Ligand SMILES: Cc1ncc(COP(=O)(O)O)c(C=O)c1O
């Protein structure tokens, strides 16, 4: 490669990091913070979130939707990154919050999110969770099954707004584990059952049926499944509210093409204009595409093993902090963060006792050495939320960076935390 080609390749790597990220000397800088300093202060592995990029994304969604459909609300799907500081930011940006279960509800409320803007989801909501939601006066509860109706009828004393989740029979092209719109989905009600639920809710004294909900899956890379789902649910009649779910994909690698937020909203709203009542209220619930691209995971290289068939770089994290690869075969990219650039191909692996603990099957890394930092971009969604203690791993901290200042918003777990829940017999 010529020097210019090396330079271009290095610049291209930056594309996957939060907007505003830079290279100074050979070192990656995010939110104005040098990665070496971040690692010295907070150690590794660590999830680093660029606050400006996150807020910008929230505003792009909020302003983009309201410009296209005034009577609307963006509701962040908090399962993608449930951390009190993130709930607070989304609340500050005027977004609603989708919570799936009691834990997410508690975090949203403790972050000061307006309960009226909370949407409660779940295919197996317990009495306790429903009770908490009703007591907190959450704005909307999404009915997934007839038991939800039975339970709520008993619990609710004042009026409670609800939506009915409909299975639209849309088979979105994504990993099976995150497809939810097909006929066999465990989420929501078939058209026939939805009609029965609608009839029951219309007769209810306490539950106010506002409309329908649909969600076809996650990491969806074209707009067509979303527009087909709108067309499908429109067959159930006219309602004041339609919650069109989330699902837009994130761009994890250079090879991937993903609709922009604006392209996605254009398609969604065009379909809504065609099929839904003009006076209806539209909600959307982006999760992954809201938070993925403003964050990266910073690791340290523990060993470099050159073999006859493959060479491995092993880092101090892995499937304990990123299950996207083992669960959904998600592709990622990476760079040596203190020596940004491309070089020899390596398999980037974690430290856990499984061959499946592989972060990237093949990635060109520039001369990786023990003690180097490895940055994996686009890890904001579903990595922290599925982090675990496999092999006694400690769940990483979350660090927010902005204007050259880094703030710890969730500390690393400690070995004491691992022992804390034990009950001595
Ligand atoms: C009901 C519902 N809404 C929204 C989302 C968010 O999806 P995504 O993170 O793909 O945008 C999910 C997640 O699968 C979901 O189950």
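Numbering (the numbering used here), first residue to last: -8 to 416. Where a beta carbon is used, it is the ideal one built from N, C-alpha and C, also for glycine. Given the structure is predicted, the values throughout are model-derived calculations rather than measurements.
Item: From the DSSP output, which residues share a beta bridge with residue 196?; Value: DSSP lists no partner for residue 196.
Item: Identify the residues that DSSP records as bridge partners of residue 164: which are they?; Value: Per DSSP, none; premise fails for residue 164.
Item: Going by DSSP in three states, residue 43 sits in which element: helix, strand or coil?; Value: helix
Item: Starting from residue 93, trace the alpha helix (DSSP H) in both directions and tell me its first and last residue.; Value: 93 to 101
Item: Who are the Cβ neighbours of residue 375 in its own chain at under 7 angstroms, not counting the five residues just before and after it?; Value: 38, 72, 74, 389
Item: By the DSSP assignment, the beta strand (DSSP E) with residue 285 in it spans what residues?; Value: Unbroken run through residue 285: none, as it is neither H nor E.
Item: Return the Cβ separation of residue 0 and residue 333 in integer angstroms, given the expectation that the two are a contact with Cβ distance under 8 angstroms.; Value: 5 angstroms
Item: Look up residue 67 in the DSSP assignment and give the residues it is bridged to.; Value: 88
Item: May I ask whether a heavy atom of ligand 1 can be found less than 7 angstroms away from the beta carbon of residue 95?; Value: no
Item: Where does residue 297 sit, in a helix, a strand or coil, going by DSSP?; Value: strand
Item: Do residue 339 and residue 354 have their CB atoms nearer than 8 angstroms?; Value: yes
Item: Can you give the Cα-Cα distance for residue 397 and residue 55, rounded to whole angstroms?; Value: 29 angstroms
Item: Taking C-alpha atoms, which residue in 211, 258, 186 lies nearest to residue 228?; Value: 186
Item: What is the rounded straight-line gap between the Cα of residue 312 and the Cα of residue 372?; Value: 11 angstroms
Item: Going by beta carbon distance, what residues of the same chain come within less than 8 angstroms of residue 405, once the five residues before and after it are set aside?; Value: 385
Item: Consult DSSP for residue 148 and reduce its assignment to one of helix, strand or coil.; Value: coil
Item: Helix or strand or just coil, what does DSSP make of residue 373?; Value: coil
Item: Residues in the same chain with beta-carbon distance under 6 angstroms from residue 413, minus the five sequence neighbours each way, listed in chain order, please.; Value: none
Item: Measuring only the C-alpha atoms, how far is residue 15 from residue 6?; Value: 15 angstroms
Item: Any heavy atom of ligand 1 closer than 7 angstroms to the CB of residue 237?; Value: yes
Item: If contacts are defined as beta-carbon pairs under 8 angstroms, then residue 234 and residue 110 qualify, I think. What distance do you get, rounded to the angstrom?; Value: 7 angstroms
Item: Is residue 120 near ligand 1, in the sense that its beta carbon is under 7 angstroms from a heavy atom of that ligand?; Value: no
Item: What does DSSP give as the partner residue(s) for residue 233 in the beta ladder?; Value: 203, 273
Item: Report whether the distance from the Cβ of residue 210 to the nearest heavy atom of ligand 1 is below 7 angstroms.; Value: yes
Item: From 102, 306, 96, 262, pick the residue whose C-alpha is nearest to that of residue 81; which is it?; Value: 102
Item: Check for me: the alpha helix (DSSP H) holding residue 340 runs from which residue to which?; Value: Where residue 340 is concerned, there is no enclosing alpha helix (DSSP H), although the beta strand (DSSP E) it sits in stretches over 335 to 340.
Item: Classify residue -2 as buried or exposed, calling it buried when 16 or more other Cβ atoms lie within 10 Å of its own Cβ.; Value: exposed
Item: So if DSSP puts residue 302 in a beta bridge, which residue, or which two residues, is it bridged to?; Value: 297
Item: Can you list, in chain order, the residues of its chain with a C-beta nearer than 6 angstroms to that of residue 51? Leave out the 5 residues immediately preceding and following it.; Value: 252
Item: Using the DSSP secondary-structure output, state which residues sit across from residue 24 in a beta bridge.; Value: 21
Item: Verify the contact flag: residue 371, CB atom, against every heavy atom of ligand 1, threshold strictly below 7 angstroms.; Value: no
Item: Excluding the five sequence neighbours on either side, which residues of its own chain have a C-beta within less than 7 angstroms of the C-beta of residue 474, listed in chain order?; Value: In the structure as shown, the chain starts at -8 and stops at 416, and residue 474 therefore has no counterpart that could be examined.
Item: Across the segment 22 to 30 and the segment 284 to 301, are there enough close Cβ pairs to call them in contact, namely three or more that are closer than 8 angstroms?; Value: yes
Item: Go ahead and label residue 335 buried or exposed: buried means 16 or more other beta carbons lie within 10 angstroms of its beta carbon, across all protein chains shown.; Value: exposed
Item: Put residue 321 into one of helix, strand or coil per three-state DSSP.; Value: coil
Item: Tell me the residue span of the alpha helix (DSSP H) that contains residue 262.; Value: 252 to 266
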